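Before any comments, here is the structure.
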Amino acid sequence: VQLQASGGGLVEPGGSLRLSCSPTGNIGGIWVRGWYRQAPGKERELVASITAGGDTNYADPVKGRFTISRDIRGNRLYLQMNSLQPEDTAVYYCKYTANGGQHYWGQGTLVTVSS
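Now the structure itself:
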């Protein structure tokens, strides 16, 4: 089972994008889903996460601009990104952590914010 992330692209500063992530098969109960990003020359960092109960957590740089959500039925994960800035440029990865502790990573989708 793999995760497929999509929705990245080139956007001007101040623009918006919506990322999506979904599994290719059944991966059972998920404890927490999250979005991470890795900018060139930097380590991968957590952007936002959401638990099975709906509790959310955001990195300080994206608070108030990004919104994480999920579709339980389809096991899909979303990241609505508004007011994008050049420093948001990165490869964005989704990650699911199963109830049993297994981690699943998406392949990454590139977000480029540039005029």
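Residue 69 in my numbering is what sits at position 83 of the sequence shown, and the numbering runs on without skipping anything. Cβ coordinates follow ideal geometry from the N, Cα and C atoms, glycine included. Please read all numbers here as calculations on a predicted model, not as lab measurements.
Validate contact between the segment -11 to 9 and the segment 42 to 49 using beta carbons, cut 8 Å, 3 pairs: no
Classification of Gly27 by the beta-carbon crowding that lies within 10 angstroms, buried from 16 upward: exposed
Residue of Arg30, Ser55, Ser69 and Leu63 minimising C-alpha distance to Val117: The displayed coordinates of the chain run from -13 to 101. Any statement about residue 117 would go beyond what the structure contains.
Reference Trp21; option with closest CA among Gly1, Gly60, Gly(-6) and Pro72: Gly(-6)
Between the CA atoms of Arg56 and Asp74 - distance to the nearest angstrom: 21 Å
Three-state secondary structure assigned by DSSP to Asp57: strand
Buried versus exposed, by CB contacts within 10 Å (16 or more), Gly86: exposed
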